[in-house]
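Participant: Let me begin by handing over the structure; questions about it come next.
Residue numbers (this note's numbering): 1422 to 1550.
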């Protein structure tokens, strides 16, 4: 099965699971109905921008749309997405970046040490080794 057909099947499944028609999806995403139909049938592949629009709308990753990667997120789905434990990120060996550059393990440890010290100062506690 071609990538465009697999993508189309996933788009259709997501749309149906959300209980909306092709026309409604097209209207919400401000695109022609025929495009949605062609994507779902595998007759046409969305460009990168359109792929991102679908991913954001359905709250899935582009990896999921393209390859069926069921790991939609590295977060525990029971946790609020705005509350991510830094250690969870570090333990999963994810590559973090800031300002277009990779953040090293040493830099992460340095940031955590800074935060720990700052919180102790705020709480007027003595540092623990």
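For every residue, glycine included, the Cβ atom is placed at its ideal position computed from N, Cα and C.
Please read these numbers as outputs of a predicted model, since none were measured by experiment.
1. Which partner residues does residue 1530 have in the DSSP bridge list?
2. For the pair the segment 1481-1489 and the segment 1450-1466, tell me if three or more CB-CB distances fall below 8 Å.
3. Rounding to the nearest angstrom, what Cα-Cα distance links residue 1458 and residue 1539 in this structure?
4. Mapping DSSP to helix, strand and coil, what is residue 1425?
5. Who pairs with residue 1523 in a beta bridge, going by DSSP?
6. Along the alpha helix (DSSP H) that carries residue 1490, what are the first and last residues, could you check?
7. Where does the unbroken alpha helix (DSSP H) through residue 1462 begin, and where does it stop?
8. Under three-state DSSP, which class holds residue 1431?
9. Specify, as a first and last residue, the run of the alpha helix (DSSP H) that residue 1470 falls within.
10. Thinking residue 1460 and residue 1424 are a contact (beta carbons under 8 Å), I'd like their distance in whole angstroms, please.
11. Apart from the five residues just before and just after residue 1524, which ones in its own chain have a Cβ nearer than 7 Å to its Cβ?
Facilitator: Inspection of the coordinates gives the following:
1. None; residue 1530 has no bridge partner.
2. no
3. 55 Å
4. helix
5. 1518
6. Looking at the DSSP string, residue 1490 is not in any alpha helix (DSSP H), and its letter there is neither H nor E.
7. 1454-1462
8. helix
9. 1469-1479
10. About 12 Å separates the two Cβ atoms, so there is no contact after all.
11. 1517 and 1518
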